[in-house]
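Contents: one structure, followed by commentary.
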Amino acid sequence: MTAVASRAARPPARRRRDRGVDPIPAWQWVVGVLVAVYLVLPALIVIPMSFDGGLTFQFPPTKPSFIQYVRFFTDPVWLGSLGNSFLVAALASLLATTVGTAAAIGLHQLTGRLARFVRTLLMISIVTPAIVIAVAVYISFLQWHLVGTLLGYVVAHAAIGVPFVLVSVTSALGGFDPRLLRASASLGASPWRTFLRVTAPLIARGIVTGAIFAFVTSFDEVVIALFLRSPLFQTMPVQMYNSVTAEIDPTISASATLVVVSVTLVILIPQLARLRRRRPEEAR
Amino acid sequence: MTDTTARTAPAGTPESEAGQPAERRGTQIRLSAVTKDFGLAAPAVDEVSLTIEPGEFMTLLGPSGSGKTTTLNLIAGFETLTSGTIEIDGHDIGRLPPHKRELGMLFQNYALFPHLTVAQNVAYPLRERRVPKAEIAARVAEVLELVQLTGRDHNHPTQLSGGQQQRVALARAIVFHPKALLLDEPLSALDRNLRGALQSEIRRIHREVGSTFVFVTHDQEEAMNLSDRIALFNQGRIEQLGSPEQLYDAPDTLFAARFLGDSNVFELEGGVTGDTTRWEDRAWRVDAATVSRRSGVAERAAVVVRPENLGLVADEKDVPSGANWVRARVRDQEFMGSYRTLQLALGGQERPGRARVSTSDASFAVGDPVVAWWRPERQRIVAA
Amino acid sequence: MTTDLLDLPRRSERRRPDANWLLVLPAIVLVTAVLLVPLGQSLVRSVDPPSWTLEHYLSLFTDGVTLKVLGRTAVTAAIVTVCAFLIGYPYAYLMTRVGPRARSLLLVVVLVPFWTSVMARNFAWIVILQRGGPVNSFFEFLGIPGVVPYGNVSGVTIAMTQVLLPFMILPLFSTLGSIDRRLLLAARGLGSSPLAAFWKVFWPLSRGGVVAGMMLVFTLSLGFYVTPALLGSPQESLIAQLLGQRTTQLLDFAGAGALGILVLVTTLLLVAWANRFGGTVSAIGVVATTGSKGRS
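Chains as they are written, first to last, in the working numbering: chain A, 1 to 284; chain B, 1 to 384; chain C, 1 to 296.
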């Protein structure tokens with residue numbers, strides 16, 4: 001009984017006790033490591049693949065070479081699709097972040113039935129299978145002459161990016177004290193100035209997180225992009241899809257590596273920045 | 001409670017000229033029949049009319065839900081009027097958004113911007129008004145000196161104590177020379193000692209700045225300490241308006257008598273009219289010659305006497321002539337440091353009475369019968 | 001001591017509703033124009049006005065193909081769900097046992113599939129699973145030739161399970177983490193074997209998370225398009241591929257509309273049902289904030 005009490009009081013002591021009385025069996029560690037390998041294996045295997053000079057998708061690599069990267073950065077088709085992906089993702093993220101942030105602020109603290117309904121409506125793409133959206137959007141966009149156009153890609157990807165912005169900005173607003181809005185108004189700032197000088201800086205992390213996820217979602221989106229593609233305009237995921245279906249083009253290993261590494265960096269950098277920033281805050 | 005000027009007039013000018021700075025820089029805030037109805041059972045603010053004079057320190061005092069905070073929010077523009085008008089120096093501001101009203105505001109939770117430093121917080125209203133950089137620096141330094149926070153410019157609000165944070169908020173609220181300063185229970189989040197210190201700080205700054213202050217609180221001590229005049233709120237209306245002395249010495253109603261300070265309330269059987277001005281029986285004698293004609297007093301009246309105005313003697317023979325008195329028994333006593341309070345059991349009264357005696361006075365012990373007496377001019381007859 | 005208690009709720013009730021809704025409008029317009037109108041148009045097409053027929057829905061059940069594919073999709077989803085549970089439970093359990101450092105490492109690992117690009121991930125599985133790939137070679141080395149989980153349902157299952165595991169592990173982790181382990185020690189103290197203590201005490205308490213995770217994984221498995229297209233075989237296509245085929249190859253927009261609506265309604269019903277078990281929405285919330293991307 002006393003052991004239980006002291007465990008509750010002092011977490012560090014608890015771990016020590018756990019090892020004694022309630023150890024983690026070795027087989028659980030083995031299972032854990034195997035599952036972890038399963039989870040990260042696809043992300044890791046593309047890296048060695050990209051340094052292989054072969055013309056097939058053979059693993060393990062046989063001829064170390066940079067040829068896939070050379071090909072990627074010299075082939076106008078690959079480079080063009082990369083540029084298209086960047087353009088679409090940047091514009092879609094901008095659009096989704098703008099309307100999503102506004103919606104999150106507008107819906108903040110609204111708890112009525114209508115507000116809940118609108119929230120669900122804006123989030124619907126997160127539970128709808130991508131193929132259902134893709135097919136419906138494709139047929140409608142055919143009528144509206146948006147298939148294969150930059151505008152078509154941008155609005156479609158912006159719409160599926162809205163939920164990420166909504167969720168991250170809403171969670172950032174959770175820690176925001178709405179009384180600051182009154183303070184700012186009493187000091188002479190209009191609502192727009194208040195947004196710029198008070199709200200935006202305080203929820204910046206949520207906005208940036210939402211923007212990053214909207215960007216990455218668009219950059220990596222393949223199902224809708226497959227339906228909206230045209231010979232004149234296609235994004236990199238579509239080109240990667242082509243390279244394993246139509247052509248057997250090992251250049252995909254270079255592009256896959258670039259995507260995996262850059263997305264990892266984009267996601268990890270804010271986390272690291274947050275860790276560094278948290279330290280002075282903890283001091284208070 | 002529609003005509004406030006008539007209410008205060010008989011008691012004389014509330015703010016004596018001597019207590020005010022010679023130069024009145026403040027503005028006049030005039031509320032006429034101001035009503036705010038949230039659609040609940042009763043309006044939160046119900047036809048309140050109140051004129052706050054230039055440079056005046058006006059306190060809106062009242063219990064929770066009495067409408068004082070809503071009234072302040074209406075002045076600030078955070079709530080929209082249901083009906084009535086609010087004028088500042090004769091200009092109707094009822095439809096202006098809050099950021100165009102030029103009123104400084106102090107909040108209970110300080111509401112400092114956590115991402116800005118002390119200096120940036122204070123500079124905020126100046127930057128909104130496009131004041132030149134050099135002037136901003138000078139004015140920020142000046143006002144930080146006024147609130148005695150020089151040298152804390154580059155701290156973030158979270159690095160300051162609660163009292164310091166509220167001083168920053170005060171600096172921020174006055175740096176742009178607002179037409180008036182609204183204070184929404186600014187001291188209630190602070191501990192007792194700090195509250196006292198900040199009270200005198202606020203009083204000093206009110207003296208130095210000389211502008212109109214509208215202060216909301218539920219703490220009657222704070223209200224009496226700071227205010228030129230107090231508007232006592234109850235159920236969305238102003239129960240009584242007057243100087244702290246007036247409210248304390250001459251409460252118009254039972255509510256006012258009980259809300260401000262301790263008071264003895266002796267409920268009379270029946271009301272007070274021109275004819276029945278004296279009650280006398282074996283237990284007590286009340287001469288109500290000085291009764292003011294107030295509504296309700298005729299039906300059912302009560303006598304209000306402050307504890308410090310109660311004298312105690314052993315026998316009614318010792319009561320000075322002309323004084324009113326009541327028989328009682330000492331029920332308990334409380335040592336209050338500089339004085340003692342005796343709790344008195346009064347015949348026929350539910351609540352115990354209270355009398356204040358000096359600590360050295362040991363004439364009466366618990367259980368002793370006493371006669372409590374007071375001068376008729378020290379009593380107040382109100383509707384029970 | 002504090003502010004007007006009665007004033008507070010009133011204050012928040014009145015927060016300029018008009019201005020708030022104006023801010024929501026652009027998002028509503030975008031999502032409506034780009035997603036809801038096209039989905040509504042497919043619904044309309046599926047009943048083929050002005051004839052207003054349910055023929056396209058009926059033929060889904062009578063054409064002999066759709067039902068078979070639907071069944072295959074459901075079976076695949078069920079297998080993926082069970083696999084994800086069998087793999088995810090011990091992992092989530094381990095996450096609740098280890099120290100904070102190891103836990104955050106394990107959590108980062110769980111999230112890796114989220115930010116592994118869809119195409120990179122599927123490409124990687126092709127490399128790993130194809131004939132002559134590491135898996136094939138490994139089993140040949142063991143003396144078991146012909147293990148090629150590529151071009152069939154097993155490859156699809158392996159790849160789908162990997163990317164759906166986070167949806168199993170995250171709700172499980174939150175459920176398992178809230179169970180008081182002292183209950184297990186108490187059961188041991190009362191004479192139960194470790195296994196019996198787990199089975200009688202821990203398992204019943206964890207069932208909520210299990211149900212939430214399984215519903216989530218099953219629902220999400222129904223919509224996979226890229227993975228079965230790249231790792232499966234055309235002879236064993238799943239419902240998403242059928243939907244794509246009807247649209248782009250057969251140009252049967254009405255039939256595709258009906259099938260799309262069927263998939264959408266099924267999915268939404270499953271999500272709504274799963275919501276009643278509690279975990280799903282919060283899990284999607286976790287996923288969305290920690291960083292989900294396209295799943296296909």
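Virtual Cβ for every residue (Gly too), placed ideally from N, Cα, C.
Contact annotation: residue 356/B and residue 308/B have beta-carbon atoms nearer than 8 Å. The beta carbon of residue 265/C lies closer than 7 Å to none in the same chain, with the five residues before and after it left out. Against chain A, the CB of residue 57/C has no partner CB under 8 Å away; the residue lies outside that interface. Taking every protein chain shown into account, the CB of residue 250/A has 16 or more other CB atoms within 10 angstroms, so this residue is buried. About 25 Å separates the Cβ atoms of residue 225/C and residue 212/C, ruling out a contact at the 8 Å cut-off. The C-alpha of residue 54/A lies about 9 Å from the C-alpha of residue 67/A.
Pairing residue 273/C with residue 209/C, the inter-Cα distance amounts to about 15 Å.
Remark: three or more beta-carbon pairs, one from each stretch, lie closer than 8 Å, so the stretch 166-174 of chain B and the stretch 114-127 of chain B are flagged as touching.
Under the DSSP definition of a beta bridge, residue 213/B partners with 57/B and 181/B. Sixteen is the threshold: since fewer than 16 other Cβ atoms of the shown chains lie within 10 Å of the Cβ of residue 105/C, the residue is exposed. A straight-line Cα-Cα distance of about 21 Å links residue 67/C and residue 130/A. Going by DSSP, residue 85/B is part of the beta strand (DSSP E) stretching over 83-88.
Taking a C-beta distance under 8 Å as the contact criterion, residue 241/A and residue 247/C do not qualify as a contact pair. Taking 8 Å as the CB threshold, residue 76/A stays off the interface with chain C.
Among the residues of chain A, those whose CB is under 7 Å from the CB of residue 20/C are 106 and 110, following chain order.
Closest in C-alpha terms to residue 150/C, from the list 229/C, 30/C and 126/C, comes 126/C. Rounded to whole angstroms, the gap between the alpha carbons of residue 344/B and residue 242/B is 30 Å. A residue is called buried when at least 16 other Cβ atoms come within 10 angstroms of its Cβ; residue 109/A does not meet this threshold and is exposed. Here the alpha carbons of residue 372/B and residue 310/B stand approximately 6 Å from one another. Taking 9 Å as the upper bound on Cβ-Cβ separation, chain B lies near residues 182, 183, 184, 185, 186, 187, 188, 189, 190, 191, 193, 194, 197 and 198 of the stretch 182-200 of chain A. Here residue 42/A is buried: its Cβ has 16 or more other Cβ atoms, across all protein chains shown, within 10 Å.
When the Cα atoms are used, residue 148/C and residue 228/C turn out to be separated by approximately 15 Å. Taking the beta carbon of residue 233/B as reference, no residue of chain A falls within 8 Å; the closest one sits roughly 21 Å away. Under the 8 Å criterion on CB atoms, residue 106/C is classed as interfacial with respect to chain A. If you check the CB distance, residue 231/C and residue 155/C come in under 8 Å. Under a criterion of Cβ atoms nearer than 9 Å, the residues of chain B adjacent to residue 202/A are, in order, 113, 114 and 115.
By the rule that beta-carbons nearer than 8 Å mark a contact, residue 155/B does not touch chain A. Contact note: residue 205/A does not reach chain B at a C-beta cutoff of 8 Å; the least C-beta distance is about 11 Å. Excluding five sequence positions before and after residue 69/A, the CB atoms of its chain that fall closer than 8 Å to its own CB belong to 50 and 254, given in chain order. Linking residue 157/A to residue 82/C through their CA atoms gives a straight-line distance of about 32 Å.
Residue contact with chain A for residue 185/B: absent (no Cβ-Cβ distance below 8 Å to any residue of chain A).
Residue 144/A carries a coil assignment under DSSP once its states are collapsed to helix, strand and coil. With respect to the C-alpha of residue 126/B, the residue from 176/B, 156/B, 108/B and 107/B having the closest C-alpha is 176/B. The three-state secondary structure of residue 336/B, taken from DSSP, is coil. Inter-segment contact for the stretch 24-41 of chain B and the stretch 192-200 of chain B is absent: fewer than three beta-carbon pairs are separated by less than 8 Å. Proximity of residue 76/B to chain A, defined by a Cβ-Cβ separation below 8 Å, is satisfied.
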